[in-house]
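These notes concern the structure reproduced below.
Chains as they are written, first to last, in the numbering used here: chain E, -17 to 439; chain V, -17 to 439.
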């Protein structure tokens, strides 16, 4: 049997080739939310399948769903060893505002220690790192565990067709636990493991006034402006202390334990660092909680987008007929993600004036998730990080949502280990997304160690 | 000398030709606010100049300004008679949302009694009607008064280059009074004369948060969302009684006299009719005033447009870096249109949180205007309407802004008569703009009579 050390060393010699292939992966504009990119998403799935086949995986398939396909492949030649289901996604977010990108989002550009491209960090970087870790083992003779790869193409649109897929392919996906690579560490020298993820409720709220846009001179003052009404409704969704006012919003929110708050306080990111990272004058949030707690441990409500009336060049004196806001809530355990829609509607019923009509469209929904910090797989991940980075990893709560974690718990009955190598300042979902290359290479190293360590338990 | 009756009869025989030419005028997309239509605006000016030349006007010119040109022409062969400066504009508003038009905005379509096209009512209809009235007199031997035609191409963008133009061509534009055709009547059978116009202050307000768009999971809850902040700021701009809260906003507002309120109350449009016209569930406005007073006699503040974050298809979980609203105020005498910018900035200084920065861009500005109801020209207009419609016209305050009325008062020292033939439900500045054709023909008739009546004073 090849030693971990040999695999690590053989992998290091391939770094240049890894980067060339990573660039190729990043060049495919696999934007899942835009129908004009459907063919690109398909092409990306096929690219990934070819990679899997090339490194020695068997039964590689591009499996159809009601939306974008899932890429599957397996290597099951480690009898008696655990089976790891490696989860990832190959789809990416849209790129607008395009003019704020320094280099084109699908022409990967290395500047300093980073590679810039849409999806570099979320999560083609992690996805490619785990692929190369698997390749390194296979080039050295074989993997120390059984592995099933399972990459979806709809994570950025709420994994909306994944649940029926997992249900349908339950036996194919059977495993001992999931390695979920859609994650990050705190800093290049501060490795960390996520044990909680926020859930999501994402809505469009429409307010309708007049039957069509009106002249603001001829009608202004006598007709309620739906943009103004929607502003008033949104303004009322937070109180002066930054609490969300939707009725019942906090009823089931899990209280952070004292021990957790102490552990979270160890995370070495000061408010000044958060300010610098985001470029804000001053942080903001719910009174009574630290920044780290606000992001990981508390629910929020955000306006993701707002559109009404004339927004082009110049001054059109229009009184808009309608206004739309995209509003989403980040949810924490034990909030009921299904209940949020009712809370939002209840708020609107109570607060919308009689002068307008309104409508709520539910776009996506996912529950929050907590994972056990003491499973063998979680301990293996912690050890792999410690060996790679030289320090014990911190445990943290992440602010984002990874719906699949809950799905595999419910449908397959297994826990997830969230081990990924994005960084908080990678500009994910934003212009100039990037992946820190030294962290990407360390990620490959940590994944190589992880597959060995879980085989030893 | 030809009698008015002969001119009216000769004009009636030309109705079919008038409509053909009107369609031609409407087909030119002279959208002044969009730079890609610059050539169309120029083409429209030339079309108009050719028309003027064709009906017998002299010294017809397309005069350059810093923006779109002014069309000028004169007929000065009525010695001893007054000189009327006929004002109008040949530019139109943008057409978005385009998908709400039943027929394309620049392919005029007659349905029932109306012709549908952008600019049909605001104000190619009136402009064409006065042109045809002048033509009818000239075909019958000559006009009973001296006339100078003066049509600008920037009314829809606040007539921003007109003031230096009027100053430069002061002697060319010298006249006894202005006939301003950019106006309307209340209903097809309720003629009316506007004696007051609201002014305008039009601004863009920008709120800036993080340096770029952020992931709403990774940062939501810890960074102030500029869309939320802008909503809160806009929400605070009205109180529960519909009053505008900008500091000092009402300080100089002219109080409506008892006599005026009685005259305004005669306007036969019920709140139910306003609701039906606009397609709203319920009207809205400043407590203590009727709908007609709210529109003509009271200042307002409107959101004309709002844009922030992701507004495309699907659910992008972004925390926007910035938010923009187009906000305009309709002003009444004696509000200072220059002071409104300071009031807005003062409000933002007092109310914007320290977590964001903001910026105000002043796009256009115009003072409100009141005209004397008892000048000879105003009485001639009232008589022309009474003779054409068979009833005495009502006096009304209009909600829109016609900056040129104030400009000719200040620069040329003359009053304006606002005589135009739009209708309140013509969908101006909105999809499916239209002109009521029977009213357009009556407009031609009223203008023919008006030119005769002012020659008799």
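Ideal placement from N, C-alpha and C gives every residue a C-beta, glycine not left out.
Exercise for review: Give me whichever residues DSSP pairs with residue 378/E in a beta bridge.
Suggested key: BP columns for residue 378/E point to 176/E.
Review point. Cβ of residue 481/E less than 8 Å from any chain V Cβ?
Key: For chain E, the structure presents residues -17 to 439; residue 481/E sits outside this window and is missing.
Exercise for review: Excluding the 5 residues preceding and the 5 following residue 229/E in the sequence, name in chain order all residues of the same chain whose CB lies nearer than 7 Å to its CB.
Suggested key: If we look at residue 229/E and ignore the five residues flanking it on each side, its Cβ neighbours are 325, 328 and 329.
**Study point:** Own chain partners of residue 227/E with C-beta closer than 8 Å, once the 5 adjacent residues on each side are dropped
**Key:** Closer than 8 Å at Cβ, skipping near neighbours: 218, 219, 220, 221 and 329.
Check your understanding: Counting along the chain, where does the alpha helix (DSSP H) carrying residue 452/E start and finish?
Key -> Since the displayed chain E opens at -17 and closes at 439, residue 452/E lies outside it and no answer follows.
Exercise for review: Can you tell me which of 126/E, 305/E, 391/E and 350/E puts its alpha carbon nearest to the alpha carbon of residue 321/E?
Suggested key: That would be 350/E, whose Cα lies nearest to the Cα of residue 321/E.
Practice item. Flag residue 256/E as yes if its beta-carbon sits less than 8 Å from any beta-carbon of chain V, otherwise no. Key: Taking 8 Å as the CB threshold, residue 256/E lines the interface with chain V.
Exercise for review: Pull out every residue of the segment -9 to 24 of chain V whose Cβ sits closer than 9 Å to any Cβ of chain E, in chain order.
Suggested key: Sequence-ordered contacts of the segment -9 to 24 of chain V with chain E read 14, 15, 16 and 17 [C-beta pairs closer than 9 Å].
Review point. Apart from the five residues on each side of it in sequence, which residues of its chain come closer than 8 Å, Cβ to Cβ, to residue 364/E?
Key: Contacts found: 175, 374 and 375.
**Study point:** Reduced DSSP category for residue 361/V - H, G, I as helix; E, B as strand; rest coil
**Key:** Looking at residue 361/V - three-state DSSP - the assignment turns out to be helix.
Check your understanding: What is the residue span of the alpha helix (DSSP H) that residue 392/V lies within?
Key -> Per DSSP, the unbroken alpha helix (DSSP H) holding residue 392/V starts and ends at 385 to 394.
Review point. Are the C-beta atoms of residue 231/V and some chain E residue less than 8 Å apart?
Key: For residue 231/V, the answer is no, since every Cβ of chain E falls outside 8 Å of its Cβ.
Practice item. Have a look at the DSSP bridge pairing and note the partners of residue 306/E. Key: According to DSSP, residue 306/E bridges with 188/E and 289/E.
Check your understanding: Got a sec: is the Cβ-Cβ distance from residue 266/E to anything in chain V below 8 Å?
Key -> Under the 8 Å criterion on CB atoms, residue 266/E is classed as interfacial with respect to chain V.
Exercise for review: Tell me whether the beta-carbon of residue 305/V lies closer than 8 Å to the beta-carbon of residue 189/V.
Suggested key: Against a cut-off of 8 Å, the Cβ pair of residue 189/V and residue 305/V comes out as a contact.
Check your understanding: Comparing the C-beta of residue 81/E with each C-beta of chain V, is any distance below 8 Å?
Key -> Under the Cβ distance rule, residue 81/E does not count among the residues neighbouring chain V, no pair being separated by less than 8 Å.
Review point. Measuring CA to CA, which of 252/E, -10/E, 160/E and 268/E is closest to residue 130/E?
Key: By alpha-carbon distance to residue 130/E, the top candidate from 252/E, -10/E, 160/E and 268/E is 160/E.
**Study point:** Residues of the segment 181 to 210 of chain E with Cβ closer than 8 Å to any Cβ of chain V, in chain order
**Key:** When CB distances to chain V are screened at a threshold of 8 Å, the residues of the segment 181 to 210 of chain E falling below it are 182, 184, 191, 192, 193, 194, 195, 196, 197, 198, 199, 200, 201, 202, 203, 204, 205, 206, 207, 209 and 210, in chain order.
Point to revise | Proximal residues of chain E, C-beta to C-beta of residue 312/V below 8 Å | key: Within 8 Å Cβ-Cβ: 198, 199, 202 and 203.
Check your understanding: Does any residue of chain E bring its CB to less than 8 Å from the CB of residue 276/V?
Key -> Among the CB atoms of chain E, one or more fall inside 8 Å of the CB of residue 276/V.
**Study point:** In DSSP terms, what residue 97/V is bridged to
**Key:** Under DSSP, residue 97/V forms a beta bridge with 92/V and 417/V.
Review point. Based on Cα-Cα distance, which residue from 280/V, 0/V and 3/V lies nearest to residue 239/V?
Key: Looking at the Cα atoms, 280/V is the closest of the given residues.
Check your understanding: With a cut-off of 8 Å, do at least 3 Cβ pairs link the segment 83 to 90 of chain V to the segment 103 to 118 of chain V?
Key -> Result no; under three Cβ-Cβ pairs closer than 8 Å.
Review point. Given that residue 88/V touches chain E, what residues does it touch there, using C-beta distances under 8 Å?
Key: Near residue 88/V there are no residues of chain E at all, since even the closest Cβ is about 17 Å away, more than 8 Å.
Point to revise | Test: residue 26/V CB closer than 8 Å to a CB of chain E | key: Taking Cβ atoms only, chain E never reaches closer than 8 Å to residue 26/V, which makes this a no.
Check your understanding: Taking DSSP as the reference, what is the three-state secondary structure of residue 259/E?
Key -> In this structure, residue 259/E counts as helix in the three-state DSSP scheme.
Review point. Can you find a C-beta in chain E that's less than 8 Å from the C-beta of residue 223/V?
Key: Closer than 8 Å: no.
Review point. To which residues of the same chain is residue 57/V closer than 6 Å at the C-beta, ignoring the five residues directly before and after it?
Key: Contacts found: 39, 125 and 129.
Exercise for review: Report the residue from 437/V, 419/V, 19/V and 433/V whose alpha carbon sits nearest the alpha carbon of residue 94/V.
Suggested key: If we check each option's Cα against that of residue 94/V, 419/V comes out closest.
Practice item. Assign residue 0/V to one of three DSSP states: helix, strand, or coil. Key: In the structure shown, residue 0/V falls within a helical segment according to DSSP collapsed to helix, strand and coil.
Practice item. Report yes if the C-beta distance between residue 153/E and residue 73/E is below 8 Å; otherwise report no. Key: Taking C-beta atoms as the reference points, residue 153/E and residue 73/E fail to come closer than 8 Å.
Check your understanding: Mapping DSSP to helix, strand and coil, what is residue 252/V?
Key -> In the three-state reduction of the DSSP assignment, residue 252/V falls in the coil class, being assigned neither a helical nor a strand state.
**Study point:** Short CB-CB distance (under 8 Å) between residue 91/V and chain E
**Key:** It does not; no Cβ of chain E falls within 8 Å.
Review point. Would you say residue 252/E faces chain V, with C-beta separation under 8 Å as the test?
Key: Judged by the 8 Å Cβ criterion, residue 252/E is not in contact with chain V.
Point to revise | residue 71/V, enclosing beta strand (DSSP E) - first and last residue | key: First-last of the beta strand (DSSP E) with residue 71/V: 65 to 71.
Check your understanding: Which of helix, strand or coil does DSSP assign to residue 159/V?
Key -> The answer is strand: DSSP assigns residue 159/V an E or B state.
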